[in-house]
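Everything below concerns the one structure shown next.
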Amino acid sequence: MTADAASIRRFASLALVTGLCFAAAAAVLALLTGSFGDTDVRVILTSVGFAVFSATGSAGAAARLRPSESLQKLGTATLLASVVAFLLLLVGLWSSRHDWGSEDVWRWFGCLGVLAIAGSHACVMLGARRRGDSDAIRLLTLSALGLGAFDAVALILPLAEIVDDIDEPWPNIFGASVVLLVLTTILPPILRRAQPVARPAPSANGSAGPADEFLASAVIEIAERIDLLNSDPGNRAPEIQAEVNRLKNLAQSFEG
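In terms of this note's numbering, the numbers along the sequence shown are unbroken and rise by one, the last being 276.
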């Protein structure tokens with residue numbers, strides 16, 4: 021399962037880099053040649069769409085490897101929404117040489133694109149949960165999930181033309197919700213890294229049971245932090261090494 025998750029992360033990173041590079045290359049070529057036409061725009065949007073929906077689909081695929089049945093279902097739905105949204109993007113962009121596809125195609129693309137992004141956000145937030153999370157982290161995670169669902173519905177309703185007129189103060193409420201969504205999404209991983217590992221007081225009779233339980237829980241927590249850092253596409257080698265050092269120090273403290 022770990023190898024499969026690592027393969028998914030590598031594919032997501034490669035797809036994201038490839039799509040963005042193709043989009044940048046097409047834009048640079050069009051600007052240098054002075055022929056920025058419809059075809060160039062289509063190529064750029066296709067490349068960006070491939071990068072975005074590869075990322076959302078990979079988040080769904082990774083969630084399907086989790087032991088939770090509900091998270092597996094969410095991952096499957098996210099993966100399907102990502103694939104269909106990208107196919108609709110291709111249809112909308114390339115179905116005709118003279119226009120940009122039908123309105124129905126773009127409406128469905130918008131709805132499924134929002135669902136793919138919201139689903140991938142939920143997959144990442146739920147997949148990052150740890151057994152040792154504090155109450156504050158759990159509350160922030162639930163808030164992020166609720167705000168993500170609210171924002172997704174708020175976007176889908178006008179895209180699907182279920183709601184036609186959007187008057188004040190709903191745009192302001194939506195903007196505030198997006199700000200809170202970003203905040204509640206970035207705070208849990210920061211708090212997880214700052215969360216100390218508390219050692220219980222030794223038992224009066226000197227029995228090894230509580231100590232063994234603490235050692236097991238501490239090792240699991242550090243391993244989960246390493247797994248969380250390893251899932252980040254950025255360079256987290258220094259932080260991973262710091263967690264490895266903590267693991268070594270923990271083992272040394274129990275020697276003898």
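Idealized CB from N, CA, C, for every residue including glycine.
Residue ranges of uninterrupted beta strand (DSSP E) with 3 or more members are absent from the stretch 133–160; none lies entirely inside it. Contact check for aspartate 171 against leucine 201 passes: the beta carbons are separated by less than 8 Å. Scanning Ala136, Phe42, Thr53 for the CA closest to the CA of alanine 81 turns up Ala136. In this chain, the alpha helix (DSSP H) harbouring phenylalanine 194 covers 190–214.
Valine 68: member of the alpha helix (DSSP H) spanning 58–83, first to last residue. Distances from the alpha-carbon of valine 48 to those of Ala35, Val63, Leu36 put Val63 closest. The DSSP-derived three-state label of isoleucine 182 is coil. If you draw a straight line from the Cα of phenylalanine 42 to the Cα of leucine 51, it is about 14 Å long. Annotation for leucine 167: Ser197, Leu200, Leu201, Thr204 place their beta carbon closer than 7 Å to its own, counting only its chain and skipping 5 residues before and after. The stretch 129–144 makes contact with the stretch 81–98: 3 or more CB pairs, one atom from each, lie closer than 8 Å.
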